[in-house]
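Data first, discussion second: the structure below is written as structure tokens.
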Amino acid sequence: MATIENHLIELLPQKDRQRLLAICEPVQLVLGTVLCESGKPTRHVYFPIDGFISLVTLIDGEPALEVGMVGREGMVGSQLALGVVTAPLRALVQGSGAAWRIGTAAFRRELAQSLALQRILNRYAYVLMMQLTTSAACLRFHLIEPRLARWLLMSQDRAHSDRFHVTQEFLAYMLGVRRVGITAAAGALQRRGLIEYSRGELTVVNRKGLEAATCSCYAADRKAYAELLD
68 MATIENHLIE
78 LLPQKDRQRL
88 LAICEPVQLV
98 LGTVLCESGK
108 PTRHVYFPID
118 GFISLVTLID
128 GEPALEVGMV
138 GREGMVGSQL
148 ALGVVTAPLR
158 ALVQGSGAAW
168 RIGTAAFRRE
178 LAQSLALQRI
188 LNRYAYVLMM
198 QLTTSAACLR
208 FHLIEPRLAR
218 WLLMSQDRAH
228 SDRFHVTQEF
238 LAYMLGVRRV
248 GITAAAGALQ
258 RRGLIEYSRG
268 ELTVVNRKGL
278 EAATCSCYAA
288 DRKAYAELLD
């Protein structure tokens, strides 16, 4: 298990943290695995450590668009803090890595005992709601290139690496655009020396330049998280 910890767990007082970790089991997140389905009961919650997960909305039962992303800053299954068992979105592993997993029943028992856990997850649920709202506005008003820059920055933050594997087909799926749009946007970022991209292997070369190329949504997401959970 990696030494990097999940930030929400780190925020808990020591007693609450130890009690929560006692009911956790270490798991490896495998790329492409669906952890939960929209409209179905949540069987487990996940606290990523060095893997990360896409939250995907469905339209007419078909995958349509990524609206959120979860890494070590968050968790999958936060709706349980609101007393709701049904998953609102599909959770798809986007970056393989380690995570803590807890069965829903055991997690709900712990949630009932820990006021600190309740408080932290209520704040995280608000931050996630802000991320979903930002994603909706970003889709409507921003061009593909700055949206792609935002997605790459969010992925880099959670991958803890400048390099990760991602195909153009997957990027088109995540951003809800045609592949030709991703090809043009990725090519523009590469010509500006911000990324290198070849055969599904993407490297962030100039993070500051990528931050300048992204839309305001990236900074808004980070600000909302920092104000409530840092």
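If you count by our numbering, then the sequence shown holds residues 68 to 297, one letter each, in order.
A virtual CB, placed ideally from N, CA and C, is assigned to each residue, including glycine.
Host alpha helix (DSSP H) of residue i (start-end)
i    : result
L184 : L182 to F208
T250 : R246 to R258
A216 : I211 to A226
L277 : R274 to A280
L96  : Per DSSP, L96 belongs to no alpha helix (DSSP H); it is in the beta strand (DSSP E), E92 to L96.
Residue i CB to nearest heavy atom of the ligand NAP below 6 Å
i    : result
E268 : This structure lacks the ligand NAP, and indeed carries no ligand of any kind.
Segment limits, beta strand (DSSP E) that includes residue i
i    : result
S265 : I262 to S265
L122 : F119 to I126
L347 : Nothing in the structure corresponds to residue 347, since the chain is present only between 68 and 297.
R102 : A small fix is needed here, since residue 102 is Leu in this sequence, not Arg. Start and end: V101 to C103.
L159 : R157 to G162
V143 : That residue, V143, is in no beta strand (DSSP E); it is neither H nor E in DSSP.
P108 : That residue, P108, is in no beta strand (DSSP E); it is neither H nor E in DSSP.
Rounded Cβ spacing between residue i and residue j (contact assumed at less than 8 Å)
i    : j    : result
G243 : L206 : 6 Å
E133 : L125 : About 12 Å separates the two Cβ atoms, so there is no contact after all.
V94  : G144 : Contact doesn't hold; Cβ gap of about 14 Å is too wide.
L295 : Y193 : 7 Å
T109 : V152 : 6 Å
S105 : L156 : 5 Å
I169 : I120 : With a Cβ gap of about 15 Å, I169 and I120 do not count as contacting.
Under the three-state DSSP convention, the category residue i falls into
i    : result
R289 : helix
Q85  : helix
L242 : helix
M68  : Caution is warranted here: a pLDDT of 39 is assigned to M68, below 50, making its placement in the model unreliable, and the coordinate value is therefore given only provisionally. M68: coil per DSSP, three-state reduction.
L132 : strand
R154 : The displayed chain sequence assigns Ala, not Arg, to residue 154. Of the three classes helix, strand and coil, the one that applies to A154 here is coil, per DSSP.
E77  : helix
R230 : strand
R176 : helix
Candidates the options: closest to residue i by CA position
i    : options                   : result
A293 : M241, S228, V97 and M197  : M197
E140 : S222, G260 and V271       : S222
A203 : D288, L79, L78 and C91    : D288
L96  : G135, H74, H232 and V160  : V160
G276 : K290, A291, Q257 and C284 : Q257
L188 : M142, Y240, A286 and R110 : M142
A226 : T270, Y285, C284 and D127 : T270
G260 : G248, N273 and I249       : N273
F231 : E77, D297, I262 and A158  : I262
Residue-chain proximity (residue i, chain D), Cβ-Cβ < 7 Å
i    : result
V143 : The chain inventory of the structure shown lacks chain D, comprising one protein chain alone.
Between the region 100-118 and the region 152-168, do at least 3 Cβ pairs fall closer than 8 Å? yes
Segment contact, 8 Å Cβ cut-off, at least three pairs: the region 79-95 with the region 141-148: no
Report yes or no: do the region 92-108 and the region 253-271 share at least 3 C-beta pairs separated by less than 8 Å? no
Does the region 276-288 touch the region 205-220, meaning 3 or more C-beta pairs lie closer than 8 Å? yes
Count Cβ pairs between the region 262-274 and the region 168-175 that sit closer than 8 Å; are there 3 or more? no
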